[in-house]
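S.K.:
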Amino acid sequence: AQSVSQHNHHVILSEAASLELGCNYSYGGTVNLFWYVQYPGQHLQLLLKYFSGDPLVKGIKGFEAEFIKSKFSFNLRKPSVQWSDTAEYFCAVNEGASGGSYIPTFGRGTSLIVHP
Amino acid sequence: GAVVSQHPSWVICKSGTSVKIECRSLDFQATTMFWYRQFPKQSLMLMATSNEGSKATYEQGVEKDKFLINHASLTLSTLTVTSAHPEDSSFYICSASHREPYEQYFGPGTRLTVT
């Protein structure tokens, strides 16, 4: 079964600091990769996704992530965080299943707090 | 676009009763819907996947007779927690997805408390 590891459970930064959140997955086949964000009091929403092509993907609000196949990683980055980036971040992987369906697996999540 | 609603947003019920939670995709047709449980400070645990018009696929360890999922149309899925017990108290989240590009659109969640 697929597993997704997020190494940083809690991250505290000051505004303008750079951010990198780690994500590693275990599946060796074709995967679709996602980062979702959950702002306080809001529901989960998509931050960015990777399906194929350029391994460096850009998402909303200045976030980007790099897919490194050899390392089974999909780390999230932002060069300069803002207070409004305070949220819970989830890495997710879709593993292909039979019949064209897929099985999503989520990492444990990383709580990011940005101090103004 | 791609809005998913859940109803109710919170519910309190007595032990032994059943509770139904609705998940609707408001502005798109969802070929697949997912149901998750989220425990405090923990990740989302996938409970089941449902495709419109077919039986739900439950993850290992999830009792299908206890958590009844119905995906009656391309815009509606329901989760019924039957004979609820206090240990079923949790935050239940649904999501919906197109056939492609596969990202999920999440509902706001339903807080279930069983007394």
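As they're listed, the protein sequences go chains A and B. Reading the first sequence from the start, the letters are residues 15 to 130 in our numbering. Reading the second sequence from the start, the letters are residues 1087 to 1201 in our numbering. The beta carbon of each residue, even a glycine, is placed where N, CA and C say it ideally should be.
(1) Nearest-angstrom Cα distance between P1172 (chain B) and I1098 (chain B)?
(2) Which of the three DSSP states is assigned to S32 (chain A) in this structure?
(3) Look up V71 (chain A) in the DSSP assignment and give the residues it is bridged to.
(4) Put E109 (chain A) into one of helix, strand or coil per three-state DSSP.
(5) With a threshold of 7 angstroms, establish whether the CB of K83 (chain A) neighbours any heavy atom of the ligand PLP.
(6) Mind checking whether P130 (chain A) and W97 (chain A) have CB atoms under 8 angstroms apart?
(7) Taking Cβ positions only, does L1130 (chain B) come closer than 8 angstroms to chain A?
(8) Just reading off the beta strand (DSSP E) that R1197 (chain B) is part of, what are its end residues?
(9) Would you tell me roughly how many angstroms separate the C-alpha atoms of Q56 (chain A) and G67 (chain A), rounded to the nearest one?
(10) Closer than 7 angstroms by beta-carbon distance: list the chain B residues that pair up with L60 (chain A), in chain order.
(11) Within 8 angstroms (strictly less), CB to CB, does H21 (chain A) reach chain B?
(12) Just the chain B side, please: which residues come within less than 7 angstroms of P130 (chain A) by C-beta, in chain order?
(13) Between the C-alpha atoms of F1153 (chain B) and K1141 (chain B), what's the straight-line distance to the nearest angstrom?
(14) Applying a beta-carbon distance threshold of less than 7 angstroms, which residues of chain A neighbour P1194 (chain B)?
(15) Short of 6 angstroms in beta carbon distance, which residues of its chain neighbour G76 (chain A), apart from the five on each side in sequence? Order them along the chain.
(16) Rank A:P118, A:A31, A:H23, A:S40 by C-alpha distance to the C-alpha of V128 (chain A) and give the top, closest one.
(17) For my contact list, S1175 (chain B) and V1200 (chain B) are in at a C-beta cut-off of 8 angstroms; report their separation, rounded to the angstrom.
(18) So which residues on chain B does P69 (chain A) lean against when the C-beta distance must stay under 9 angstroms?
(19) Would T1118 (chain B) pass as a contact of S1183 (chain B) if the rule is Cβ separation under 8 angstroms?
(20) Which class does P54 (chain A) belong to by DSSP, given the choice of helix, strand or coil?
(21) Spell out a yes or no on whether the segment 1099 to 1115 of chain B and the segment 1161 to 1168 of chain B are touching, meaning 3 or more CB-CB pairs, one atom from each, closer than 8 angstroms.
(22) Quick check: what's the CA-CA separation for T100 (chain A) versus Q52 (chain A)?
(23) Could you check how far apart the C-beta atoms of T124 (chain A) and H23 (chain A) are, in whole angstroms? I think they sit under 8 angstroms.
(24) May I ask you to report which of helix, strand or coil DSSP gives K1127 (chain B)?
M.R.: If we stick to the structure as given:
(1) Locating residue 1172 (chain B) in the second sequence gives position 86, where the first residue counts as 1. Locating residue 1098 (chain B) in the second sequence gives position 12, where the first residue counts as 1. Roughly 10 angstroms between the two C-alpha positions.
(2) Along the first sequence, read from residue 1 onward, the residue named residue 32 (chain A) stands at position 18. S32 (chain A) falls in the coil class under three-state DSSP.
(3) If you number the first sequence from 1, residue 71 (chain A) lands on position 57. Per DSSP, A:A79.
(4) Here residue 109 (chain A) is taken as the residue at index 95 of the first sequence, counted from 1. In this structure, E109 (chain A) counts as strand in the three-state DSSP scheme.
(5) Looking for the ligand PLP in the displayed structure turns up nothing, as the structure carries no ligands at all.
(6) Within the first sequence, residue 130 (chain A) is the residue found at index 116, counting from 1. Within the first sequence, residue 97 (chain A) is the residue found at index 83, counting from 1. Taking 8 angstroms as the Cβ cut-off, P130 (chain A) and W97 (chain A) qualify as a contacting pair.
(7) Working through the second sequence from its first residue, we reach residue 1130 (chain B) at position 44. Yes, because at least one Cβ of chain A sits closer than 8 angstroms to the Cβ of L1130 (chain B).
(8) Translated into positions along the second sequence, residue 1197 (chain B) becomes position 111. Where R1197 (chain B) is concerned, the enclosing beta strand (DSSP E) stretches over 1196 to 1200.
(9) Stepping through the first sequence from its first residue, residue 56 (chain A) is reached at position 42. Stepping through the first sequence from its first residue, residue 67 (chain A) is reached at position 53. Those two C-alpha atoms are separated by around 31 angstroms.
(10) One-based indexing of the first sequence puts residue 60 (chain A) at position 46. Here the neighbours are E1189.
(11) Along the first sequence, read from residue 1 onward, the residue named residue 21 (chain A) stands at position 7. False, the Cβ-Cβ gap to chain B never drops below 8 angstroms.
(12) By 1-based counting over the first sequence, the position of residue 130 (chain A) is 116. Going along chain B, no residue has its Cβ under 7 angstroms from P130 (chain A), so there is no contact; the nearest lies around 24 angstroms.
(13) Taking the first residue of the second sequence as 1, we reach residue 1153 (chain B) at position 67. Taking the first residue of the second sequence as 1, we reach residue 1141 (chain B) at position 55. Taking the straight line from one Cα to the other gives about 13 angstroms.
(14) Here the question's residue 1194 (chain B) lines up with position 108 in the second sequence. Going along chain A in sequence order, the residues near P1194 (chain B) (Cβ under 7 angstroms) are H57.
(15) Within the first sequence, the letter at position 62 stands for residue 76 (chain A). Correct list, in chain order: K92.
(16) Counting from one through the first sequence, the residue named residue 128 (chain A) turns up at place 114. With distances taken between Cα atoms, V128 (chain A) lies closest to A:A31.
(17) Working through the second sequence from its first residue, we reach residue 1175 (chain B) at position 89. Working through the second sequence from its first residue, we reach residue 1200 (chain B) at position 114. Between V1200 (chain B) and S1175 (chain B) the Cβ distance is about 5 angstroms, and since that is below 8 angstroms, they are a contact.
(18) What you label residue 69 (chain A) is simply residue 55 of the first sequence in a count that begins at 1. Here the premise fails: no neighbours, minimum Cβ distance about 17 angstroms.
(19) As a first step, residue 1118 (chain B) must be located in the second sequence, where it is residue number 32. As a first step, residue 1183 (chain B) must be located in the second sequence, where it is residue number 97. Yes, they are a contact pair.
(20) Numbered from 1 along the first sequence, position 40 holds the residue referred to as residue 54 (chain A). The answer is coil: DSSP assigns P54 (chain A) none of H, G, I, E or B.
(21) yes
(22) Indexing the first sequence from 1 puts residue 100 (chain A) at position 86. Indexing the first sequence from 1 puts residue 52 (chain A) at position 38. If you take the alpha carbons of T100 (chain A) and Q52 (chain A), they lie about 9 angstroms apart.
(23) As a position in the first sequence, residue 124 (chain A) is number 110, starting the count at 1. As a position in the first sequence, residue 23 (chain A) is number 9, starting the count at 1. Indeed they touch by this definition, with Cβ atoms about 6 angstroms apart.
(24) The count along the second sequence starts at 1 and reaches residue 1127 (chain B) at position 41. Correct three-state label for K1127 (chain B): coil.
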